[in-house]
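Residue numbers for the sequence shown follow the working numbering, beginning at 71 and rising by one.
For every residue, glycine included, the Cβ atom is placed at its ideal position computed from N, Cα and C.
Here the structure is a predicted model, which is why all the values come from computation and not from measurement.
Quick notes on the structure that follows.
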Amino acid sequence: MSDIALAIIGGTGLYQIAALENVETREGDTVYGKPSAPVRIGYLGGKKIAFMARHGEGHSVAPHKVNYRANMRCLKDLGITKVLAINAVGGITDAFGPRVVSVPDQIIDYTYGRLHSLSEEPGSEVLHVDFTEPYCAKLRANILRAAKKIEMPIVDFGCYGATQGPRLETRAEITRMRRDGCDLVGMTGMPEAAIARELALCFTTVALVTDHDAGVDAGGAVTHEEVLQVFARSLEGLKSLLKSAIGAMPAPEDDESALCSCRRSLDGLRLPFALPR
Ligand SMILES: [Zn+2]
71 MSDIALAIIG
81 GTGLYQIAAL
91 ENVETREGDT
101 VYGKPSAPVR
111 IGYLGGKKIA
121 FMARHGEGHS
131 VAPHKVNYRA
141 NMRCLKDLGI
151 TKVLAINAVG
161 GITDAFGPRV
171 VSVPDQIIDY
181 TYGRLHSLSE
191 EPGSEVLHVD
201 FTEPYCAKLR
211 ANILRAAKKI
221 EMPIVDFGCY
231 GATQGPRLET
241 RAEITRMRRD
251 GCDLVGMTGM
261 PEAAIARELA
271 LCFTTVALVT
281 DHDAGVDAGG
291 AVTHEEVLQV
301 FARSLEGLKS
311 LLKSAIGAMP
321 APEDDESALC
331 SCRRSLDGLR
341 LPFALPR
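Encoded structure:
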């Protein structure tokens, strides 16, 4: 365990945290390969935090090419216990219009051909971790409390549909996702969340809606530039939220005293990997 209170995974539009002080850089290298970007560790509001750009600091790694296993393992190897992921998403139901910020509570995974698990190697033990609630309830509550404290509107639910990308979805695919119960559509929510659970990390997501996706607006498709523009307009609010959340983040707990069920997700299971001590 380290004294890092929280790791933040920055998605599209968030490649660094400029306000981070006394930054040290760790070039991660893991048993699953190299992560997308170096980990920047520094102080924000007096708390030690870590930051990693999911797509690389120059946005060079496509959603289906991200080494999710290496990214999460790298944070685990640093002794980090809590991870907050930031995701730019499309909204596909009425409550999720452009610039809505949400802390999703469920996931449906439509991705394929990615390395979805740490149990990929032939002959390795197979992990069947509980994933009924894919996000950490305590971390979700922390974020929602932090939003309330700064009077920031935030939607406290949402089903995140993770698509393969990098192409956008067809109208029929979005219609199906709505029928399935998805509110949000993005390309990076999985297998990130599942691998975090396989590593017994507390993990949750803050999703920023950048557009209403195909089949919701009659207007049709949005460009990547439009997505970035909307994201940039939401960025100040997001930064305030992060600051508020980090300021209230409790000190990390060691494995023995951790109360959260995420930290217990590997109890009693035979692991296909050795965990850092
Ligand atoms: Zn947790």
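Which residue from the options puts its Cα closest to that of residue i?
i, options, result
"E351", "V300, L271, V199, N141", "In this structure the chain extends from 71 to 347, so residue 351 is not present and cannot be described."
"I224", "A165, A107, P261", "A165"
"A107", "P174, G115, V93, N137", "N137"
"A344", "S194, C206, Y205", "S194"
"L269", "P320, L308, R333, S310", "R333"
"G116", "R340, R249, A89", "A89"
"A318", "V173, N141, I119", "I119"
"F227", "L238, F201, P174, V93", "P174"
"R210", "S130, I156, D337", "I156"
"E208", "I87, M260, T275, I265", "Sequence check: residue 208 is Lys here, not Glu. Taking only the C-alpha atoms, the option nearest K208 is T275."
"T202", "T258, A264, E94, H186", "A264"
"H294", "Q176, Y182, L238", "L238"
Rounded to whole angstroms, what's the CA-CA distance from residue i to residue j? Just pull it up for me.
i, j, result
"A328", "A242", "44 angstroms"
"G251", "C330", "27 angstroms"
"K135", "T240", "21 angstroms"
"L254", "A277", "8 angstroms"
"V292", "D73", "41 angstroms"
"R184", "S335", "22 angstroms"
"G256", "G103", "24 angstroms"
"R96", "C144", "9 angstroms"
"R178", "C229", "Note that residue 178 is Ile in the sequence shown here, rather than Arg. When rounded, the distance between both Cα atoms is 7 angstroms."
"P320", "A75", "7 angstroms"
"Y205", "T82", "20 angstroms"
"V101", "A140", "7 angstroms"
"L339", "D325", "16 angstroms"
Spatial neighbours of residue i within its chain, please: C-beta separation below 6 angstroms, excluding the five flanking residues on both sides.
i, result
"A288", "For A288, the predicted model reports a pLDDT of 49, less than 50, meaning its position is unreliable; a value from the coordinates is still stated below. No residues qualify anywhere along the chain."
"I78", "F121, L154"
"T280", "A158, V297, V300, F301"
"D283", "G160, I162, I244, V255"
"V199", "R267, E268, S335"
"S310", "I220"
"E91", "G112, Y113"
Here's a check: name, in chain order, each residue in its chain whose Cβ is nearer than 7 angstroms to the Cβ of residue i, leaving out the five neighbours to either side.
i, result
"Y180", "G231, A232, T233, Q234"
"Y85", "A123, E127, H129"
Quick one: residues in its chain with C-beta nearer than 8 angstroms to the C-beta of residue i, no 5 flanking neighbours on either side, listed in chain order?
i, result
"P342", "L188, S189, E191, S194, E195, V196, L197"
"A132", "H125, G235, P236"
Using 8 angstroms as the threshold, is the segment 201-218 in touch with the segment 298-317, meaning 3 or more CB pairs across them? yes
Check whether the segment 141-156 and the segment 97-115 are in contact - that is, three or more C-beta pairs closer than 8 angstroms. yes
Which whole runs of the beta strand (DSSP E) in the segment 82-154 are 3 residues long or more, in chain order? 91-96, 109-114, 117-123
Evaluate the contact criterion for the segment 112-130 versus the segment 169-183: three or more CB pairs, one atom per stretch, below 8 angstroms. no
Runs of 3 residues minimum, wholly inside the segment 171-198: which ones carry the beta strand (DSSP E) assignment? 176-179
Counting only runs that start and end within the segment 225-259, where is the beta strand (DSSP E) found for 3 or more residues in a row? 229-232, 254-256
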